[in-house]
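A.B. asks:
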Amino acid sequence: MRFLVVDDSSTMRRIIINTLNKLGYTECREAGNGREGLDALTANPVDIVITDWNMPEMSGVEFARAVRANDATKAVPILMVTTNAAEGDIVEALKAGVSNYVVKPFTPATIKEKIEAVLKA
Amino acid sequence: MSVPHSLLTTLVSATEEVFDTMLALPLQAKAPVTGPLDVPANVVATVAFAGHRRGLVVVYSSLAAARQITSSMLGIPVHEVNGEVPDAMGEIANMVAGTFRNRLAAVEPSSDISVPTVTIGTDFSTLYSSAVFRSRCPFDMQGEPLSVELILTGDQVGGLK
Ligand SMILES: [Mg+2]
Chain A
3 MRFLVVDDSS
13 TMRRIIINTL
23 NKLGYTECRE
33 AGNGREGLDA
43 LTANPVDIVI
53 TDWNMPEMSG
63 VEFARAVRAN
73 DATKAVPILM
83 VTTNAAEGDI
93 VEALKAGVSN
103 YVVKPFTPAT
113 IKEKIEAVLK
123 A
Chain B
2 MSVPHSLLTT
12 LVSATEEVFD
22 TMLALPLQAK
32 APVTGPLDVP
42 ANVVATVAFA
52 GHRRGLVVVY
62 SSLAAARQIT
72 SSMLGIPVHE
82 VNGEVPDAMG
92 EIANMVAGTF
102 RNRLAAVEPS
112 SDISVPTVTI
122 GTDFSTLYSS
132 AVFRSRCPFD
142 MQGEPLSVEL
152 ILTGDQVGGL
162 K
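Protein chains in written order, with my numbering: chain A, 3 to 123; chain B, 2 to 162.
See below:
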């Protein structure tokens with residue numbers, strides 16, 4: 003299972019990748035914002051994208067829209083990991099094409115459960 | 002002028018949730034205070050919020066506490082922590098302010114939060130105009146001081162309904 007982790011915080015990328023490694027997922031690439039994420043995704047397809055929302059250059063919501071708008075990438079599951087948890091936030095993210103949602107702070111069990119949910123969908 | 006108690010209770014529980022969930026570092030909350038900082042705060046991480054309410058959430062910690070937090074977040078020994086402290090403490094402030102904001106958004110119109118700003122130095126003292134409401138929630142993190150301050154400006158400075 004190949005993962006792309008998109009987050010402007012190197013700390014959060016490390017936490018997510020450490021969590022994925024512990025869950026047995028070891029093929030992880032990373033990008034620092036949505037723009038870099040799009041470049042990484044078009045160069046090398048992955049099975050799941052995990053993205054932050056608030057990032058400079060291109061936000062996670064703009065990134066999700068761009069992924070869905072491209073025939074080559076539109077089917078990839080997108081899991082958003084963010085502190086934005088107001089009802090309006092979640093509606094906006096799902097409309098943009100995000101497949102599932104993890105609110106920070108999170109436990110490894112939540113990440114596992116949400117990965118399994120997007121893979122089943 | 003101090004901040005309504007219901008907001009401070011919400012801030013304390015948001016901070017505890019972040020530390021319990023993301024870090025294996027339990028916090029011991031102490032009574033909220035107003036007035037100048039009375040503990041070393043070499044690392045200051047700030048997130049602003051605006052919308053229904055306006056203000057700042059500020060996380061103060063000693064450098065030792067910040068290195069311990071960073072080590073725990075990254076899963077590396079404290080002595081290997083090098084340049085990662087600003088990003089890690091920014092993410093702590095982001096999660097504390099974000100969790101606080103989400104809890105308020107569940108019971109009143111929502112506010113948006115900014116990206117974090119982190120400053121590392123010595124002998125900080127922060128002064129604001131007297132027109133702000135501010136209170137600081139101190140914690141003990143395994144013997145190291147850490148505190149989270151809430152600063153409110155604008156019209157919406159009341160407690161939770
Ligand atoms: Mg971010």
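Here a beta-carbon is modelled for each residue, glycine too, at the ideal position from N, C-alpha and C.
Would you verify that the beta carbon of Ser14(B) is, or is not, closer than 8 Å to some beta carbon of chain A?
C.D. replies: No, Ser14(B) does not count as interfacial toward chain A.
A.B. asks: Taking 7 Å as the cut-off, is the C-beta of Ser11(A) nearer than that to any heavy atom in ligand 1?
C.D. replies: Ser11(A): yes, Cβ under 7 Å from ligand 1.
A.B. asks: Check whether the Cβ of Asn56(A) sits closer than 7 Å to any heavy atom of ligand 1, and report yes or no.
C.D. replies: Yes, Cβ of Asn56(A) sits closer than 7 Å to a heavy atom of ligand 1.
A.B. asks: For the alpha helix (DSSP H) that contains Phe65(A), what are its first and last residues?
C.D. replies: Gly62 to Ala71 is the span of the alpha helix (DSSP H), which, as asked, contains Phe65(A).
A.B. asks: Secondary structure at Pro139(B), three-state DSSP: helix, strand or coil?
C.D. replies: Note: Pro139(B) maps to strand in three-state DSSP.
A.B. asks: What does DSSP give as the partner residue(s) for Met82(A) in the beta ladder?
C.D. replies: DSSP output for Met82(A) lists Thr53(A) and Tyr103(A) as bridge partner(s).
A.B. asks: Which one of Asp54(A), Lys122(A) and Val78(A) has the shortest CA to CA distance from Pro47(A)?
C.D. replies: The residue with the shortest Cα to Cα distance from Pro47(A) is Val78(A).
A.B. asks: Could you name the residues that DSSP lists as bridge partners for Ser148(B)?
C.D. replies: Tyr61(B) and Pro139(B), per the DSSP bridge assignment.
A.B. asks: Specify the secondary structure class of Thr123(B) as computed by DSSP and reduced to three states.
C.D. replies: Here Thr123(B) sits in coil by DSSP.
A.B. asks: Less than 8 Å between the beta carbons of Ile121(B) and Val44(B), yes or no?
C.D. replies: Their beta carbons are under 8 Å apart, which means Ile121(B) touches Val44(B) by this criterion.
A.B. asks: Run through the DSSP bridge pairs and tell me what Ile1(B) is partnered with.
C.D. replies: Any property of residue 1(B) remains undetermined from this structure, which presents chain B solely from 2 to 162.
A.B. asks: Along chain A, which residues have their Cβ under 9 Å away from the Cβ of Ala106(B)?
C.D. replies: What Ala106(B) touches in chain A: Ala87, Ala88, Glu89, Gly90 and Asp91.
A.B. asks: Ignore the nearest five residues each way along the sequence and tell me which others in Ile80(A)'s own chain have a CB closer than 7 Å to its CB.
C.D. replies: Val51, Thr53, Ala66, Val69, Gly99, Val100 and Ser101, listed in sequence order.
A.B. asks: Taking the alpha-carbon positions, what's the Ala34(B) to Thr11(B) distance?
C.D. replies: The question names Ala, yet the displayed sequence has Val at residue 34(B). Computed Cα separation, rounded: 15 Å.
A.B. asks: Starting from Val158(B), trace the beta strand (DSSP E) in both directions and tell me its first and last residue.
C.D. replies: Val158(B) -> no beta strand (DSSP E), and no H or E assigned at all.
A.B. asks: What is the residue span of the alpha helix (DSSP H) that Val19(B) lies within?
C.D. replies: Segment His6 to Met23, the alpha helix (DSSP H) holding Val19(B).
A.B. asks: Taking DSSP's pairing of strands, which residues face Met33(A) in a bridge?
C.D. replies: Sequence check: residue 33(A) is Ala here, not Met. Answer by DSSP bridge pairing, in chain order: Val8(A).
A.B. asks: Give a yes or no on whether the minimum CB-CB distance between Ser111(B) and chain A is below 8 Å.
C.D. replies: Yes, its Cβ sits closer than 8 Å to a Cβ of chain A.
A.B. asks: Closer than 8 Å is the cut-off here; do at least three beta carbon pairs connect the segment 73 to 88 of chain B with the segment 113 to 120 of chain A?
C.D. replies: The segment 73 to 88 of chain B is not in contact with the segment 113 to 120 of chain A.
A.B. asks: Terminal residues of the continuous alpha helix (DSSP H) containing Met96(B)?
C.D. replies: Start and end: Val86 to Ala106.
A.B. asks: Can you tell me whether Gly36(A) is buried or exposed, with buried defined as 16 or more other CB within 10 angstroms of its CB?
C.D. replies: Label assigned to Gly36(A): buried.
A.B. asks: Helix, strand or coil for Ala30(B), going by three-state DSSP, please let me know.
C.D. replies: Ala30(B): strand per DSSP, three-state reduction.
A.B. asks: Which residues in chain B have a C-beta closer than 7 Å to the C-beta of Lys97(A)? List them in chain order.
C.D. replies: The premise fails here: Lys97(A) is roughly 17 Å from chain B at the closest Cβ pair, so nothing lies under 7 Å.
A.B. asks: So is Asp10(A) buried or exposed if we call it buried at 16+ other beta carbons inside 10 Å?
C.D. replies: Classification for Asp10(A): buried.
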